[in-house]
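Undergrad: Right, I'll just put the structure down here and ask away after.
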Amino acid sequence: MVKAVWNGVTIAESDETVIVEGNHYFPRAAVQADLLVPSATTSVCPWKGIANYYSVVAGGAENADAAWYYPETKPAADEIRDRIAFWKGVTVG
C-alpha cells in the first residue's frame with residue numbers, strides 16, 4: 009500500500025498507483041478530495057501533455073501546487089490520465 013502524507017495527514021492511499029519517472033500516480037478515488045484546492049498553475053510535458061495543479065491543505069497549513077494531474081494526456085501517457093501525483097514535501101511511499 010502506497011501512501012501520500014503531508015503535515016501529518018494522509019492525503020492518498022492505494023495499492024494501484026502507476027509509477028512514471030519515479031512518481032506514484034494515485035487513482036483519483038484514492039485521494040482525499042477535500043484536502044485539495046484547485047490551482048491556476050499549469051505546466052507542459054512534451055510527451056505527457058498539460059498538467060494541472062492542486063494545492064494541498066492539511067493540518068492547518070497549505071502546500072501550494074503540491075499535487076498535479078493530467079486531465080488529458082498524449083497517447084504515450086494514457087495510463088496516468090486523471091491520476092494524481094505529489095511533490096513539494098509530500099512523502100510518498
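Residue 21 in the working numbering sits at position 13 of the sequence shown; the count goes up by one each step and never skips.
For every residue, glycine included, the Cβ atom is placed at its ideal position computed from N, Cα and C.
As the structure is a computational prediction, the values presented were derived from the model and not from experiment.
#1: Which value, in whole angstroms, describes the spacing of the CA atoms of T18 and Q40?
#2: Quick one: Cα of V26 to Cα of G97, how far?
#3: I'd like the ranges of any beta strand (DSSP E) spanning at least 3 consecutive residues and lying wholly in the stretch 12-58.
#4: Based on DSSP bridge pairs, tell me the residues matched to I92.
#5: Counting pairs of beta carbons, one from the stretch 30-38 and one from the stretch 48-60, are three or more of them closer than 8 Å?
#6: Buried or exposed, going by whether 16 or more other CB atoms sit within 10 Å of the CB of E81?
#7: Comparing C-alpha positions only, which one of Y62, N71 and S22 sits nearest to S47?
#8: Go ahead and label A72 buried or exposed: buried means 16 or more other beta carbons lie within 10 angstroms of its beta carbon, across all protein chains shown.
TA: This is what the structure holds:
#1: If you take the alpha carbons of T18 and Q40, they lie about 8 Å apart.
#2: 20 Å
#3: 17-22, 26-28, 31-33 and 44-53
#4: F34 and Y77
#5: no
#6: A quick correction: the sequence has Thr, not Glu, at residue 81. By the 10 Å Cβ count, T81 comes out buried.
#7: In terms of CA proximity to S47, Y62 leads the group Y62, N71 and S22.
#8: exposed
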